[in-house]
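Reading through the structure tokens given below for one structure.
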Amino acid sequence: MTHYQIENCLENWDFDAALEWHRYISDNNSDQIPNYCRYLADTGHLDIAKSLIDSIKSNPVLYKKLSNDENFSVCRNLNSFFNKKLNEYANNPDYFCKLYMFSLTGNIDKVFSLLTTYRGGHINSSTSAENNMIINFALNKLIEKNRLDVDISREIIIHLANSNKINNQRKKYLLKSMIDFIAKNHDLSKELFDLKHIYTIHIRLIPLIYAISNNENGAKSLMSKVYSLIQDNNNLNMLNTEKPRIAICISGMFKSDLTNLKTIQTKLAIPLNADVFIHTWDRQQDWMGDVRRYNFWPRVFNISNSLVPKNIQNLSFLEKNYSNVYSCLLSSVFSSLDINQVKNNIISKSILIENENNFMREHHINDNFKSRETFNQIKMFYGLYKCFELAKRKEDIEGFRYDYFIRLRADTIVNSNSISPEHLYALDNSSLAVPAGAGWGISDGFFYANRSVYERVISLWKKMKIANRLSPFEEFRDWDAHKLLGLWLLKNDIRPVPCKFSCGTIFGGETLKVPGLLAALEKDNTQENRNKFPEETKWLMEFLKDKAK
């Protein structure tokens, strides 16, 4: 089992864990000490190896093995190496003998000086395997004492790439150790991976990892880290003098107030020279009613609850004492969509209008697709997908591709000026520009991305169809739109990034008139209510009178 653990650690380039397993195994089985010694040598842990050899020499049984057992030859070789370096240092030490002894005795300033000032002519493609082991030992000590710098790192990476006298185990260990250390230091990583300053590093480093990787998981992980370091420390945006082609996809049910479409037209479509595509239903919402029951007053009338009498905030109180007003406010009212009104407010390339009942029947939408007792969310995801199909149809006919897509709910109001092309260019293949809030999660009403990301996002509809329920995730059956969208981004490794302009939705209560509310107010404005609930009655009559018809 323990040998498997070592193999697993080496597969994942978890070399420190592999060392601990070697230590554990050799402590419990002396026959495994040679493997431990070999690993210590291959990873430059010469101080640990020397302590191990010293402990062997103090044990008569193990010392006999050290002297005579062929299996312990690697231990004998290390013992000879340690003795040789000690004698050399006492007489006429060369560069590598000094580097070894300064590392062993913890003289980090001298180690740093040797690797920084005097390495020229010593560390090159002809450097022996033994001296490369000493270099490994010295680098371990610099990392341990937080002294590794960019110049040393750069030269060692080049050395690892050029030398054929360094075994792959040592190359893997040194690359992993240095890159892990550099990644934790912002200034070091910025200096080392800024391609404008050190243009050769990425040319050498990436092929080097690939060459020694043996398709191991650890190599893949390290390659990913190197890619991230290069991407994070460089502007890799492409020079593009062409204006991007942009599609605005509007989907959902329109409200009878369509003035919001003019904000989309003037603040997005025209400045971006974008094509507009619309998917909607053959009826419009004159009043939203029960669909905004939760947190009703702020969501419908854009008013803080602090300005609403406490009893009125409780819809059960409203239903019991002002039943006619309650019925009007909480009843959804619809009428046939006037498509000409839509066309009068926004210019589109294509509009698809469908009937909700036909959609339910043709796609076999059953109660598995319900959320909060309605089918609104599955209709939304369907609309997202169908609107994208409208844009795709234009692409296929005319032989081009849109670069970016913007998703808007049918009741979206654009509040600020347009997005700059530079911001769009900065969106990569893992970024979705989307509003998000701690209380509700990822917005499903407004987002934008490049074409690749956008297509992945809206394809959630297809997964819902295959799963035959709103949530296609096995273990998250009851999740609704905001949570599902967030989980879908996570599964597809798409990261939310901040939007560069703001928008909102039509609250309804600010612009729409509630059908039948005028008569309802008269019926509920009884003497009994005025006597029993004077504050509540007065507030309702005054606040709602301008919103009634």
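In full-length UniProt numbering, the protein residues as written are 1 to 549. Beta carbons are placed, not taken as given, at the ideal position from N, Cα and C, and that holds for glycine.
- prompt: Can P515 and S431 be called in contact, C-beta distance under 9 Å?
  reply: Within the sequence shown, residue 515 is the residue found at index 515, counting from 1. Within the sequence shown, residue 431 is the residue found at index 431, counting from 1. The answer is no: Cβ separation not under 9 Å.
message: Taking 9 Å as the threshold (C-beta atoms), are A391 and Y402 in contact?
response: In the sequence shown, counting from the first residue as 1, residue 402 sits at position 402. In the sequence shown, counting from the first residue as 1, residue 391 sits at position 391. Against a cut-off of 9 Å, the Cβ pair of A391 and Y402 comes out as a contact.
- prompt: Going straight from the alpha carbon of I246 to that of L424, what length do you get?
  reply: Counted from its first residue, the sequence shown places residue 246 at position 246. Counted from its first residue, the sequence shown places residue 424 at position 424. Between I246 and L424, the C-alpha separation is close to 10 Å.
F405 vs A449 beta-carbon contact at 9 Å: The sequence position of residue 405 within the sequence shown is 405, counting from 1. The sequence position of residue 449 within the sequence shown is 449, counting from 1. Yes; because the gap between Cβ atoms is below 9 Å, this pair is in contact.
In DSSP terms, what E354 is bridged to: Locating residue 354 in the sequence shown gives position 354, where the first residue counts as 1. Note: E354 sits in a beta bridge opposite W281.
task: Look at the Cβ atom of M380, then the Cβ atom of G252, and state whether they are nearer than 9 Å.
output: Looking up residue 380 in the sequence shown gives position 380. Looking up residue 252 in the sequence shown gives position 252. Yes, they are a contact pair.
Where the alpha helix (DSSP H) through S116 begins and ends: By 1-based counting over the sequence shown, the position of residue 116 is 116. According to the sequence as given, residue 116 is Thr; it is not Ser. Looking at the DSSP string, the run of the alpha helix (DSSP H) that includes T116 is I108 to T117.
query: To which residues does DSSP link P496 through a beta bridge?
result: For the purposes of this step, residue 496 is taken as residue 496 along the sequence shown, with counting starting at 1. Partner(s): L432.
- request: Determine the extent of the alpha helix (DSSP H) in which V325 is found, giving its start and end residues.
  value: Numbered from its first residue, the sequence shown carries residue 325 at position 325. S323 to L329 is the span of the alpha helix (DSSP H), which, as asked, contains V325.
query: Hey, would you say S163 sits closer than 9 Å to S125, going by beta carbons?
result: Mapped onto the sequence shown, residue 163 falls at position 163. Mapped onto the sequence shown, residue 125 falls at position 125. Cβ atoms of S163 and S125: closer than 9 Å.
task: With distances taken Cα to Cα, identify the nearest neighbour of I494 among E475, A519, G504 and V434.
output: For the purposes of this step, residue 494 is identified with residue 494 of the sequence shown, where counting begins at 1. Of E475, A519, G504 and V434, the residue nearest in Cα terms is V434.
query: Does the stretch 60-72 touch the stretch 92-99, meaning 3 or more C-beta pairs lie closer than 8 Å?
result: no
query: Does the Cβ-Cβ distance between T280 and I353 come in under 9 Å?
result: As a first step, residue 280 must be located in the sequence shown, where it is residue number 280. As a first step, residue 353 must be located in the sequence shown, where it is residue number 353. Cβ atoms of T280 and I353: closer than 9 Å.
field: Integer Cβ distance of L518 from M541, believed to fall under 8 Å
entry: As a first step, residue 518 must be located in the sequence shown, where it is residue number 518. As a first step, residue 541 must be located in the sequence shown, where it is residue number 541. About 11 Å; that fails the 8 Å criterion.
- prompt: Can you give the beta carbon distance from K255 to Q231, rounded, assuming they're within the 8 Å contact cut?
  reply: Against the sequence shown, residue 255 aligns to sequence position 255. Against the sequence shown, residue 231 aligns to sequence position 231. Incorrect: roughly 43 Å between the Cβ atoms, too far for contact.
For L427, the three-state DSSP class (helix, strand or coil): Here the question's residue 427 lines up with position 427 in the sequence shown. It is coil, neither helix nor strand.
message: Since I33 and A18 should fall inside the 8 Å C-beta cutoff, what is the C-beta to C-beta distance between them, to a whole number of angstroms?
response: Mapped onto the sequence shown, residue 33 falls at position 33. Mapped onto the sequence shown, residue 18 falls at position 18. Contact flag wrong, Cβ pair sits at about 16 Å.
field: 9 Å Cβ cutoff met for V414 and F501
entry: Mapped onto the sequence shown, residue 414 falls at position 414. Mapped onto the sequence shown, residue 501 falls at position 501. Closer than 9 Å, so yes.
message: What does the alpha-carbon distance come out to for the pair S128 and L78?
response: By 1-based counting over the sequence shown, the position of residue 128 is 128. By 1-based counting over the sequence shown, the position of residue 78 is 78. Approximately 15 Å between the Cα atoms of the pair.
query: Per DSSP, which one or two residues make a beta bridge with K255?
result: Counting from one through the sequence shown, the residue named residue 255 turns up at place 255. Its beta-bridge partners are Q285.
message: Using only the alpha-carbon positions, how far apart do W21 and D480 sit?
response: The count along the sequence shown starts at 1 and reaches residue 21 at position 21. The count along the sequence shown starts at 1 and reaches residue 480 at position 480. Distance between the alpha carbons of W21 and D480: 46 Å.
message: Counting C-beta neighbours from all protein chains within 10 Å, is the total for A138 16 or more, i.e. buried, or is it exposed?
response: By 1-based counting over the sequence shown, the position of residue 138 is 138. Label assigned to A138: buried.
query: Who are C503's beta bridge partners in DSSP?
result: Along the sequence shown, read from residue 1 onward, the residue named residue 503 stands at position 503. Bridge partners of C503: V414.
- prompt: Count the other CB atoms within 10 Å of the CB of F476; is the residue buried (16 or more) or exposed (fewer)?
  reply: Here the question's residue 476 lines up with position 476 in the sequence shown. Exposed, because fewer than 16 other Cβ atoms sit within 10 Å of the Cβ of F476.
query: Beta carbon of L408, beta carbon of G445: below 9 Å?
result: Your numbering for residue 408 matches position 408 in the sequence shown. Your numbering for residue 445 matches position 445 in the sequence shown. Taking 9 Å as the Cβ cut-off, L408 and G445 qualify as a contacting pair.
field: Span separating the alpha-carbon of V308 from that of N355
entry: Numbered from its first residue, the sequence shown carries residue 308 at position 308. Numbered from its first residue, the sequence shown carries residue 355 at position 355. Cα to Cα, the separation comes out at about 38 Å.
- prompt: Which value, in whole angstroms, describes the spacing of the CA atoms of L490 and I458?
  reply: In the sequence shown, residue 490 corresponds to position 490, counting from 1. In the sequence shown, residue 458 corresponds to position 458, counting from 1. A direct Cα-to-Cα measurement between L490 and I458 gives close to 14 Å.
- prompt: When you compare each of P60, Y36 and I108 to C75 by their alpha carbons, which one comes out closest?
  reply: Against the sequence shown, residue 75 aligns to sequence position 75. With distances taken between Cα atoms, C75 lies closest to Y36.
message: So the candidates are A161, L272 and N529; which of them puts its Cα closest to the Cα of I248?
response: Residue mapping note: residue 248 aligns to position 248 of the sequence shown, counting from 1. Considering only alpha carbons, the answer is L272.
field: F81: first and last residue of the uninterrupted alpha helix (DSSP H) it sits in
entry: Within the sequence shown, residue 81 is the residue found at index 81, counting from 1. That run of the alpha helix (DSSP H) goes S73 to A90.
Nearest candidate by alpha-carbon position, reference D54, set Y24, N83, C499 and L470: On the sequence shown, position 54 is the one that residue 54 refers to. Distances from the alpha-carbon of D54 to those of Y24, N83, C499 and L470 put N83 closest.
query: What residue range is occupied by the uninterrupted alpha helix (DSSP H) comprising Y173?
result: One-based indexing of the sequence shown puts residue 173 at position 173. Element bounds for Y173: N168 to A183.
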